[in-house]
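Which chain is which? The protein sequence lines are P and U, in order. Residue 110 in the numbering used here sits at position 110 of the first sequence, and the numbers go up by one each step. Residue 527 in the numbering used here sits at position 204 of the second sequence, and the numbers go up by one each step. Here a beta-carbon is modelled for each residue, glycine too, at the ideal position from N, C-alpha and C. Values in this document were obtained by computation on a predicted structure and should not be read as measured data. Notes for the one structure printed next.
There are 2 protein chains.
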Amino acid sequence: MKEISKLMDYRSDVRLVDATMRDGGLVNDFYFTDDFVRDLYLTNIKAGVDYMEFGYKASKEMFDPTKFGKWKFCNDEDIRAIVGENNTDLKIAVMADIGRCNKSDFIERSESPIDLVRVATYLHTIPAAVDMIEDVAKKGYEVSCNIMAISNANDKEIEAALDILGKSPVDVFYIVDSFGSLYPEQIARIADMYLNFAAKYNKKVGIHAHNNQQLAFANTIEAVGDGVDWLDGTYAEMGRGAGNCAMELLLGFLRNPKYNVYPAFQFIEKHMNKLKEDGVVWGYDLQYLMTGILNQHPRTAIQFTKDGRKDYAEFYKEIVVMD
Amino acid sequence: MKEISKLMDYRSDVRLVDATMRDGGLVNDFYFTDDFVRDLYLTNIKAGVDYMEFGYKASKEMFDPTKFGKWKFCNDEDIRAIVGENNTDLKIAVMADIGRCNKSDFIERSESPIDLVRVATYLHTIPAAVDMIEDVAKKGYEVSCNIMAISNANDKEIEAALDILGKSPVDVFYIVDSFGSLYPEQIARIADMYLNFAAKYNKKVGIHAHNNQQLAFANTIEAVGDGVDWLDGTYAEMGRGAGNCAMELLLGFLRNPKYNVYPAFQFIEKHMNKLKEDGVVWGYDLQYLMTGILNQHPRTAIQFTKDGRKDYAEFYKEIVVMD
Numbered sequence: 001m002k003e004i005s006k007l008m009d010y011r012s013d014v015r016l017v018d019a020t021m022r023d024g025g026l027v028n029d030f031y032f033t034d035d036f037v038r039d040l041y042l043t044n045i046k047a048g049v050d051y052m053e054f055g056y057k058a059s060k061e062m063f064d065p066t067k068f069g070k071w072k073f074c075n076d077e078d079i080r081a082i083v084g085e086n087n088t089d090l091k092i093a094v095m096a097d098i099g100r101c102n103k104s105d106f107i108e109r110s111e112s113p114i115d116l117v118r119v120a121t122y123l124h125t126i127p128a129a130v131d132m133i134e135d136v137a138k139k140g141y142e143v144s145c146n147i148m149a150i151s152n153a154n155d156k157e158i159e160a161a162l163d164i165l166g167k168s169p170v171d172v173f174y175i176v177d178s179f180g181s182l183y184p185e186q187i188a189r190i191a192d193m194y195l196n197f198a199a200k201y202n203k204k205v206g207i208h209a210h211n212n213q214q215l216a217f218a219n220t221i222e223a224v225g226d227g228v229d230w231l232d233g234t235y236a237e238m239g240r241g242a243g244n245c246a247m248e249l250l251l252g253f254l255r256n257p258k259y260n261v262y263p264a265f266q267f268i269e270k271h272m273n274k275l276k277e278d279g280v281v282w283g284y285d286l287q288y289l290m291t292g293i294l295n296q297h298p299r300t301a302i303q304f305t306k307d308g309r310k311d312y313a314e315f316y317k318e319i320v321v322m323d
Numbered sequence: 324m325k326e327i328s329k330l331m332d333y334r335s336d337v338r339l340v341d342a343t344m345r346d347g348g349l350v351n352d353f354y355f356t357d358d359f360v361r362d363l364y365l366t367n368i369k370a371g372v373d374y375m376e377f378g379y380k381a382s383k384e385m386f387d388p389t390k391f392g393k394w395k396f397c398n399d400e401d402i403r404a405i406v407g408e409n410n411t412d413l414k415i416a417v418m419a420d421i422g423r424c425n426k427s428d429f430i431e432r433s434e435s436p437i438d439l440v441r442v443a444t445y446l447h448t449i450p451a452a453v454d455m456i457e458d459v460a461k462k463g464y465e466v467s468c469n470i471m472a473i474s475n476a477n478d479k480e481i482e483a484a485l486d487i488l489g490k491s492p493v494d495v496f497y498i499v500d501s502f503g504s505l506y507p508e509q510i511a512r513i514a515d516m517y518l519n520f521a522a523k524y525n526k527k528v529g530i531h532a533h534n535n536q537q538l539a540f541a542n543t544i545e546a547v548g549d550g551v552d553w554l555d556g557t558y559a560e561m562g563r564g565a566g567n568c569a570m571e572l573l574l575g576f577l578r579n580p581k582y583n584v585y586p587a588f589q590f591i592e593k594h595m596n597k598l599k600e601d602g603v604v605w606g607y608d609l610q611y612l613m614t615g616i617l618n619q620h621p622r623t624a625i626q627f628t629k630d631g632r633k634d635y636a637e638f639y640k641e642i643v644v645m646d
């Protein structure tokens with residue numbers, strides 16, 4: 001049982017990362033207005049959030065810039081137009097998705113508004129991830145690494161990956177529940193594994209949760225109680241499929257007086273309800289619960305949502321077949 | 324850390340209680356169609372649910388029967404019209420709300436379709452609850468007792484209540500998170516307290532959670548991992564304010580092969596979406612998160628919802644004032 005003092009006190013090493021534009025961008029193809037982005041930036045500053053992820057640094061050879069909003073590419077000058085010199089406590093992050101980005105798109109950190117590069121990888125692309133990590137670390141960036149889709153992997157594979165990453169210059173290992181299939185009891189075990197390697201190699205551990213079973217927040221606070229320091233959240237849970245851990249739930253939970261939940265309420269009232277009214281769709285629904293229970297990628301559920309289907313029972317029959 | 328075997332295996336003492344019509348009735352004044360009730364009854368049988376709560380046995384002197392659907396009063400003959408002799412494994416429950424019901428409305432169990440009386444009480448009405456418990460136990464019913472609003476109580480008060488209830492003929496002590504304000508770490512401590520008294524007096528422990536902070540399911544599976552056996556759920560989380568723990572999440576989580584999630588998907592597809600389309604409103608939203616964070620009764624949030632307000636930030640300022 002965790003100490004009750006942990007509910008009253010706080011660990012100053014905890015870091016909050018706002019992933020609204022990156023994970024949320026997956027449901028509106030990164031078409032956020034400048035007004036939205038500027039208000040989000042100011043909200044994060046007022047709320048005491050530590051990092052704001054602006055989007056992906058996606059390869060323009062692989063993705064047509066005319067078919068996505070600019071935050072899929074996160075040009076340094078587009079970030080600069082929002083944050084200026086960013087003389088604030090809020091640090092700026094972007095995601096580098098291994099196999100879908102180029103090292104050459106990252107300039108020296110001293111020239112860039114970006115502080116943190118979040119490298120996202122599958123287990124089978126760990127060497128490519130290390131190559132990227134080494135490159136951006138050498139350029140001066142802080143670096144974290146998200147190992148995705150671990151709920152389908154064997155513990156031994158994950159341990160091997162953490163051992164390789166431990167020897168790299170990465171700063172933070174991220175636990176990622178890509179399918180929203182993990183229960184808090186499993187998160188506790190996974191956190192234990194990650195924290196052991198983090199202690200060995202002097203790294204930090206983070207968590208990025210999905211809300212398929214309404215456990216994104218529960219899994220995140222389970223992890224922080226276990227010693228995980230870096231916590232991803234998104235306003236109004238905006239994110240792929242069932243969405244993420246709600247930033248406003250985290251801001252309400254954390255006891256460090258630097259965090260304030262009130263600006264989150266203002267931002268959601270002004271911007272997030274409007275996105276929903278404009279037809280952008282995300283969040284918990286039965287189809288995501290189903291892929292979560294079955295430990296499957298939510299792509300079928302996302303298609304079900306796009307098609308406006310409501311025949312849940314029929315959908316379940318479609319996806320439960322494994323042969 | 325809990326044993327991994329608990330995620331793979333099951334405890335045969337676990338009991339699932341469907342509270343859809345009782346807690347859900349609070350958001351539609353108990354106006355469920357007979358078609359809905361009959362399908363819910365059949366769904367519970369197919370899903371392997373152990374108890375179905377039909378509603379309240381409310382006093383007709385206090386509540387005008389012309390202003391509520393019949394399930395606020397749960398006349399034995401109305402239940403009988405749905406379940407007949409109920410020659411099934413599904414047991415029938417009703418709630419007796421202390422101070423708002425009469426002992427004389429309960430006939431002998433041998434004459435009634437009802438199996439379980441769920442006595443709901445506040446800490447200050449424990450003696451009246453014991454009086455009711457003794458009466459219905461003598462009439463042959465199984466009896467559980469929900470102690471409400473414990474998140475505002477001192478541990479010593481709760482222990483005193485459990486000690487009194489322990490000496491009564493009640494079968495199950497229920498942990499009730501009335502305000503949806505409790506975190507899993509707190510549930511673990513409360514479960515420990517209830518389980519100690521349950522062991523001393525040979526009782527069972529149950530949990531009834533609310534979803535103000537998206538923790539109804541997480542708190543329920545925390546509790547079952549701690550040894551709590553009786554679990555309340557409602558289909559599509561239908562219930563007062565932010566709603567309850569979703570039955571479909573519990574059915575997907577529990578490993579006892581007697582439980583089946585598929586009938587839940589069929590029922591929700593047919594009935595619950597329609598209720599929402601018809602304008603019945605419940606479920607997680609920021610106003611409920613706020614009363615949850617502040618450990619307040621959700622009545623202000625329910626009013627905010629009824630008024631169709633969306634000015635979350637203003638609402639927060641209204642309720643955060645304590646003087």
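Tell me whether residue i counts as near the ligand FMN, meaning its Cβ is closer than 8 angstroms to at least one heavy atom of that ligand.
{"i": "histidine 531 of chain U", "result": "The ligand FMN is not part of this structure, which contains no ligands at all."}
Roughly how far, in whole angstroms, is the beta-carbon of residue i from the beta-carbon of residue j, given that I think they are within contact range, below 8 angstroms?
{"i": "tyrosine 332 of chain P", "j": "alanine 264 of chain P", "result": "Outside the shown range of chain P (1 to 323) lies residue 332 of chain P, about which nothing can therefore be said."}
{"i": "phenylalanine 30 of chain P", "j": "lysine 57 of chain P", "result": "At roughly 12 angstroms, the Cβ-Cβ gap does not stay under 8 angstroms, so phenylalanine 30 of chain P and lysine 57 of chain P are not in contact."}
{"i": "valine 94 of chain P", "j": "isoleucine 114 of chain P", "result": "6 angstroms"}
{"i": "lysine 426 of chain U", "j": "methionine 385 of chain U", "result": "Not really, about 14 angstroms apart at Cβ, beyond 8 angstroms."}
{"i": "tyrosine 582 of chain U", "j": "alanine 370 of chain U", "result": "6 angstroms"}
{"i": "glycine 25 of chain P", "j": "glycine 69 of chain P", "result": "7 angstroms"}
{"i": "valine 37 of chain P", "j": "leucine 254 of chain P", "result": "Between leucine 254 of chain P and valine 37 of chain P the Cβ distance is about 24 angstroms, and since that is not below 8 angstroms, they are no contact."}
{"i": "alanine 198 of chain P", "j": "aspartate 226 of chain P", "result": "Not quite, the Cβ-Cβ distance comes to about 12 angstroms (not below 8 angstroms), so this is no contact."}
{"i": "cysteine 468 of chain U", "j": "phenylalanine 429 of chain U", "result": "The pair is not a contact, with the Cβ atoms about 15 angstroms apart (cut-off 8 angstroms)."}
{"i": "phenylalanine 377 of chain U", "j": "isoleucine 421 of chain U", "result": "With 8 angstroms as the limit, phenylalanine 377 of chain U and isoleucine 421 of chain U do not qualify as a contact, their Cβ atoms being about 18 angstroms apart."}
{"i": "arginine 563 of chain U", "j": "valine 350 of chain U", "result": "6 angstroms"}
{"i": "lysine 204 of chain P", "j": "aspartate 232 of chain P", "result": "Their Cβ separation, rounded to whole angstroms, is 13 angstroms, which puts lysine 204 of chain P and aspartate 232 of chain P out of contact at 8 angstroms."}
{"i": "isoleucine 175 of chain P", "j": "tyrosine 194 of chain P", "result": "6 angstroms"}
{"i": "asparagine 256 of chain P", "j": "tyrosine 10 of chain P", "result": "4 angstroms"}
{"i": "leucine 572 of chain U", "j": "leucine 289 of chain P", "result": "7 angstroms"}
{"i": "histidine 271 of chain P", "j": "aspartate 39 of chain P", "result": "6 angstroms"}
{"i": "phenylalanine 196 of chain P", "j": "isoleucine 207 of chain P", "result": "The sequence shown places asparagine at residue 196 of chain P, rather than the phenylalanine named in the question. With 8 angstroms as the limit, asparagine 196 of chain P and isoleucine 207 of chain P do not qualify as a contact, their Cβ atoms being about 16 angstroms apart."}
Tell me, which residues are paired with residue i by DSSP?
{"i": "aspartate 364 of chain P", "result": "Look at the range of chain P in this structure, 1 to 323, and you will see that residue 364 of chain P is not part of it."}
{"i": "methionine 418 of chain U", "result": "U/Tyr379, U/Arg441"}
{"i": "aspartate 341 of chain U", "result": "U/Met375, U/Gly556"}
{"i": "alanine 569 of chain U", "result": "U/Thr557"}
Residue ranges of each alpha helix (DSSP H) within the region 361 to 406 of chain U, 4 or longer
399 to 406
Could you give the uninterrupted runs of the alpha helix (DSSP H) lying entirely in the region 437 to 473 of chain U, keeping only those of 4 residues or more?
449 to 461
Check whether the region 610 to 623 of chain U and the region 401 to 410 of chain U are in contact - that is, three or more C-beta pairs closer than 8 angstroms.
No, because fewer than three Cβ pairs between the region 610 to 623 of chain U and the region 401 to 410 of chain U fall closer than 8 angstroms, the two stretches do not touch.
Contact between the region 496 to 506 of chain U and the region 470 to 485 of chain U (3+ Cβ pairs under 8 angstroms)
yes
Against chain P: residues of the region 611 to 644 of chain U by CB proximity under 7 angstroms:
Leu612, Ile616, Lys633, Asp634, Tyr635, Ala636, Tyr639
Under 8 angstroms, CB to CB, which of the residues in the region 560 to 574 of chain U have a partner in chain P?
Along the region 560 to 574 of chain U, going in chain order, the ones with a CB nearer than 8 angstroms to a CB of chain P are Ala569, Glu571, Leu572.
With a floor of 3 residues, list each beta strand (DSSP E) that falls wholly inside the region 480 to 550 of chain U, ordered by position along the chain.
Counting only runs of at least 3 residues, the region 480 to 550 of chain U fully encloses the following beta strand (DSSP E) elements, listed from N- to C-terminal order: 495 to 499, 527 to 531.
Contact between the region 261 to 275 of chain P and the region 43 to 60 of chain P (3+ Cβ pairs under 8 angstroms):
yes
Short of 8 angstroms Cβ to Cβ, which residues in the region 254 to 270 of chain P face chain U?
Flagged, chain order: Val261, Tyr262, Phe265, Gln266, Ile268, Glu269.
Determine, using beta-carbon pairs with one atom in the region 554 to 568 of chain U and one in the region 302 to 321 of chain P, whether at least three such pairs fall under 8 angstroms.
no
Check each residue of the region 483 to 513 of chain U: if its Cβ is closer than 9 angstroms to any Cβ of chain P, include it; give the result in chain order.
Within the region 483 to 513 of chain U, the residues whose Cβ lies closer than 9 angstroms to any Cβ of chain P are, in chain order, Tyr506, Pro507, Glu508, Gln509, Ala511, Arg512.
Any chance the region 436 to 452 of chain U sits against the region 479 to 490 of chain U, with 3 or more Cβ pairs inside 8 angstroms?
yes
So, does the region 205 to 218 of chain P touch the region 533 to 553 of chain U, judging by three or more C-beta pairs under 8 angstroms?
yes
Going along the region 185 to 219 of chain P in order, which residues come within less than 9 angstroms of chain U, judged by CB to CB distance?
Glu185, Gln186, Ala188, Arg189, Asp192, Asn211, Gln213, Gln214, Leu215, Ala216, Phe217, Ala218, Asn219
For the region 222 to 234 of chain P, list every residue whose C-beta sits within 8 angstroms of some C-beta in chain U, in sequence order.
Glu222, Gly225
Starting from the N-terminal side, write out each stretch of the alpha helix (DSSP H) that is 4 residues or longer and does not extend beyond the region 249 to 273 of chain P.
262 to 267
Cβ-based contacts, 9 angstroms cut-off: residues of the region 441 to 462 of chain U near chain P
none
Listed from N- to C-terminal order along the chain, which residues in the region 359 to 379 of chain U have their beta-carbon within a distance smaller than 8 angstroms of any beta-carbon of chain P?
For the region 359 to 379 of chain U, the set of residues with a beta-carbon nearer than 8 angstroms to any beta-carbon of chain P is empty.
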